[in-house]
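Report on the following structure.
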Ligand code: SF4
């Protein structure tokens, strides 16, 4: 039972379980508190601070990869760090998403000439959303998360449509 | 019937009654090396990091524990090594600031200033008075912003959340000011060899003054909220004490050194920019514990606030930058220039062999020295204190690993 948005009366909403789960997932994207470099100040600290307050979108930090849905790779990944990033990604339970935040995580950024730097975190883990900038503003990160929400929504719709077609 | 406690005390495992103060490191807890009644204990190695919510970046601490007590601690660094020093050898002189911004990324202005001062010293460029004032103004604004980040996360390290939100509220106002002046929230590239990028925009002075008067009140609020909390006091008082000699021997600087009672401040000892004309106090602690370092940083914020006002009052008229060629080609030579950054003495050792890129660019990062001292002071503390002591020294992995 739910209040109908248009008539204001009690009504019954029909939703597939899959869609219901995705609705929940979309609106509680908990990210792992794992700041690597400069971008962490903008993408993790300012973001959870009072002005940008990602909490209102259901985006909040968890300290352990086992409880996180999203990994924000906020910073330069070098060869020593790469192994850890991969391990952390493997430790996260499915379904999981990765946001590459900043020029460094996207391509190696201002440090890409240095041989120790991994040229984009997509060489180690699959990336869902790229956020350009050095560092991206917290607003950009917010937009990135909105894109991720859209992506999750679309994935379910695509999956349902594919199933419909096959029947 | 004998009390288990008596057996433990006899075997030397527990300190006698009354010798353990809750706020002091539990020096009384001793393990019997051969064990009691043939039971032996083993040391346990615990690995903290590189992903740990409170190691302030990607630090990995390998601590050897005897029960709850730390026997030895070793820091493993290099998880953020991205070759700032080496890349600088392939950058033109006026692009060095962009790299320094990303070294100590919470107080970018200080890094930029250090590299600009080194280049200016090498080329003997005279700086207009206004540029000097703007440099001091921005340095102090950035110092408060950086200390607020430390303040917020230090509270998180000790288990409090509220002050983080208040600190970020004030920091956002400062970031707005910095953005208004420099155009960027974090990576400013504002201080250039020869002067600064731009003058204060119209109306900015009033905005800064408004912040200053608000901050006078807020800083007391912050201090009441965290420093006035008894739990917090128990967690920091007497913990992580660095005595004067150790601090000097390890070459600490900044608030970590001043907390141990040495009144050394680069702004006072070797004034650069317009610090010679500023009036400010250098706060010092006495015992060098985490509480002293906390108090020193809180007082530094008050002093910075005072200096911001002085800068705005005494701001001279004139140019904000000297005439410098577009491509800087310093003569052969070797200089060292240092500034007092939020974390201590940030220095640049620059070697030029002519040409338009440096031959060697060495970045003296104060956090690296503090990290080395940690290995000395951590043994004897409890595991729960590790995070707190690391937080109290305010190390920044960006400048340690470079
Ligand atoms: S993109 Fe820029 S701000 Fe982000 S980690 Fe890289 S250098 Fe730092």
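Protein chains in written order, with my numbering: chain Z, 5 to 171; chain D, 13 to 414. Heads up, the beta-carbon is just placed ideally off N, CA and C, and yes, glycines get one too.
Does at least one heavy atom of the ligand ADP sit under 7 angstroms from the Cβ of residue 145 of chain D?
The ligand content of the structure shown is limited to the ligand SF4, which means the ligand ADP is not among them.
Name the DSSP beta bridge partners of residue 373 of chain D, please?
D/362
Is it the case that the segment 332-341 of chain D contacts the segment 204-218 of chain D, given that we only count it when at least three CB pairs across the two stretches are under 8 angstroms?
yes
With 9 angstroms as the C-beta to C-beta threshold (strictly closer), list the residues of the segment 115-148 of chain Z near chain D in chain order.
Residues of the segment 115-148 of chain Z that bring their beta carbon within less than 9 angstroms of a beta carbon in chain D comprise 115, 117, 118, 119, 120, 121, 138, 139, 141, 142, in sequence order.
Reduced DSSP secondary structure (H/G/I, E/B, other) of residue 207 of chain D
strand
Return yes when the Cβ of residue 97 of chain Z is within less than 8 angstroms of the Cβ of residue 70 of chain Z, no when it is not.
Contact flag set, yes.
Cβ distance (whole Å) where residue 385 of chain D is taken to contact residue 258 of chain D below 8 angstroms
That belief holds up - the Cβ atoms of residue 385 of chain D and residue 258 of chain D are roughly 7 angstroms apart, short of 8 angstroms.
Starting from residue 31 of chain Z and walking both ways along the beta strand (DSSP E), at which residues does that stretch end?
Counting along the chain, residue 31 of chain Z falls outside any beta strand (DSSP E), and DSSP gives it neither H nor E.
In chain Z, which residues lie with their C-beta within 9 angstroms of the C-beta of residue 184 of chain D?
50, 53, 54, 55, 56
Assigned secondary structure, residue 339 of chain D (DSSP; H/G/I helix, E/B strand, else coil):
Judged by DSSP in its simplified three-state form, residue 339 of chain D adopts coil rather than helix or strand.
Buried or exposed for residue 165 of chain Z, going by 16 or more other Cβ atoms inside 10 Å?
Residue 165 of chain Z is exposed by the Cβ-count criterion.
Please confirm whether residue 84 of chain Z has its beta-carbon closer than 8 angstroms to some beta-carbon of chain D.
By this cut-off, residue 84 of chain Z is an interface position.
Count the other C-beta atoms from every protein chain shown that fall within 10 angstroms of the C-beta of residue 371 of chain D, then say buried if there are 16 or more, exposed otherwise.
The residue is exposed, with fewer than 16 neighbouring Cβ atoms inside 10 Å.
Is residue 202 of chain D helix, strand or coil when you go by DSSP?
In the three-state scheme derived from DSSP, where H, G and I count as helix and E and B as strand, residue 202 of chain D is classed as coil.
Specify the secondary structure class of residue 64 of chain D as computed by DSSP and reduced to three states.
coil
Cutoff 7 angstroms; reference residue 39 of chain Z; Cβ partners in own chain excluding five residues on either side
48, 78, 79
So residue 59 of chain Z is in the alpha helix (DSSP H); what residue range does that whole segment cover?
For residue 59 of chain Z, no alpha helix (DSSP H) encloses it, and the DSSP letter there is neither H nor E.
Have a look at D/292, D/322, D/373, D/162 and flag the residue whose alpha-carbon is nearest the alpha-carbon of residue 349 of chain D.
D/373
Enumerate, from N- to C-terminal direction, the unbroken alpha helix (DSSP H) stretches of 4 or more residues contained entirely within the segment 230-263 of chain D.
242-248, 256-261
Going by DSSP in three states, residue 188 of chain D sits in which element: helix, strand or coil?
helix
Three or more C-beta pairs under 8 angstroms: does that hold for the segment 78-87 of chain D against the segment 110-117 of chain D?
no
Is DSSP giving residue 111 of chain Z helix, strand or coil here?
helix
Would you identify the three-state DSSP class for residue 72 of chain D, choosing helix, strand or coil?
strand
Tell me whether residue 62 of chain D, by its Cβ, gets closer than 7 angstroms to a heavy atom of the ligand SF4.
no
Neighbouring residues, chain Z, relative to residue 122 of chain D (Cβ below 8 angstroms)
Within chain Z, no residue comes near residue 122 of chain D; the closest Cβ sits about 15 angstroms away, beyond 8 angstroms.
Answer yes or no: does any C-beta atom of chain Z fall closer than 8 angstroms to that of residue 400 of chain D?
no
Is the beta carbon of residue 141 of chain Z less than 8 angstroms from the beta carbon of residue 184 of chain D?
no
Let's test the definition: count the other Cβ atoms within 10 Å of the Cβ of residue 326 of chain D and tell me whether it reaches 16, buried, or not, exposed.
By the neighbour-count rule (16 or more Cβ atoms within 10 Å), residue 326 of chain D is not buried but exposed.
Does any heavy atom of the ligand SF4 sit closer than 7 angstroms to the C-beta of residue 116 of chain Z?
no
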